[in-house]
Ligand code: PGA
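Residue numbers (the numbering used here): 1 to 247.
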């Protein structure tokens, strides 16, 4: 089987940045994006208040942008929430859903994450569905059970929907810790996720790896057959570091 999936390298700024620092970072990304190989899509997921800044700075560039979360609701009395339609107003292409920090710090359930993915799709956004096990779950040999549980309500959205999503595998123990999964560890889980997607007819969905990705480990991760790119936290805050991962 020929693999035609394009590579996607996506930054997740988390709750970092300000207007002045963002301006420098975005300008650096625009300046460097042209030298990234064709077939690699760059994207950044920025805090909501900076979507206007990102859309202005990145318009016409090779870098797409998105949000770090999206409401499961379309509109209404949901204080603090941001809808998919609002994100589309700022020409977002992507929305992260179910990042481990949302799951663990904000109590987001697997069902809510799937509802957010569904709402994102309804607004024409590409949801990047994040899954991943904790260290305790890995040590207890629960990795695939956890991932299957997290994915189940998403897969239940059906093949047509699932073919429009991106999945990000981010082992919680590797996020922000400097401890990356080995390429083999990551590939093992990616292959299992691919099989679960394949089983419903969505085997060509992009599956990103996330968790302490940096230029020094990106090439060996990307060499794996089922790793289609990266979701990058810390190293996405410096233009050269982020571009070096994509390069
Ligand atoms: P990290 O974060 O690259 O800083 O580990 C990844 C993520 O949380 O998406």
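Beta carbons: idealized from backbone N, C-alpha and C, even for Gly.
Could you give the first and the last residue of the continuous beta strand (DSSP E) run that contains residue i?
| i | result |
| --- | --- |
| residue 207 | 207-210 |
| residue 45 | 40-45 |
| residue 12 | 7-12 |
| residue 168 | 166-169 |
| residue 97 | 94-97 |
| residue 231 | 229-232 |
| residue 63 | 63-67 |
Is it the case that the Cβ atoms of residue i and residue j are separated by a distance below 8 Å?
| i | j | result |
| --- | --- | --- |
| residue 174 | residue 220 | no |
| residue 210 | residue 170 | yes |
| residue 43 | residue 93 | yes |
| residue 98 | residue 130 | yes |
| residue 117 | residue 154 | yes |
| residue 166 | residue 8 | yes |
| residue 224 | residue 192 | no |
| residue 241 | residue 218 | no |
| residue 91 | residue 127 | no |
| residue 245 | residue 227 | no |
| residue 146 | residue 160 | no |
| residue 35 | residue 85 | no |
| residue 189 | residue 135 | no |
| residue 243 | residue 13 | no |
| residue 143 | residue 197 | no |
| residue 88 | residue 121 | no |
| residue 73 | residue 110 | no |
| residue 239 | residue 51 | no |
| residue 6 | residue 53 | no |
| residue 115 | residue 70 | no |
| residue 15 | residue 232 | no |
| residue 46 | residue 65 | yes |
| residue 23 | residue 48 | no |
| residue 201 | residue 194 | no |
| residue 61 | residue 30 | yes |
Less than 7 Å separating the Cβ of residue i from some heavy atom of ligand 1?
| i | result |
| --- | --- |
| residue 66 | no |
| residue 175 | yes |
| residue 235 | yes |
| residue 104 | no |
| residue 16 | no |
| residue 83 | no |
| residue 109 | no |
| residue 163 | no |
| residue 190 | no |
| residue 97 | no |
| residue 212 | yes |
| residue 135 | no |
| residue 221 | no |
| residue 12 | yes |
| residue 170 | yes |
| residue 232 | yes |
Along the chain, where does the alpha helix (DSSP H) that runs through residue i open and close?
| i | result |
| --- | --- |
| residue 154 | 143-155 |
| residue 58 | 51-58 |
| residue 103 | 100-105 |
| residue 28 | 19-33 |
| residue 162 | 159-162 |
| residue 221 | 215-222 |
| residue 192 | 183-199 |
| residue 241 | 239-246 |
| residue 86 | 84-89 |
Checking contacts by CB at 8 Å: is residue i closer than that to chain B?
| i | result |
| --- | --- |
| residue 88 | Absent from the structure is chain B; it holds one protein chain and no more. |
Unbroken stretches of the beta strand (DSSP E), 3 residues or longer, contained in the region 109-135: Taking 3 residues as the minimum length, the beta strand (DSSP E) runs contained wholly in the region 109-135 are 126-131, in order along the chain.
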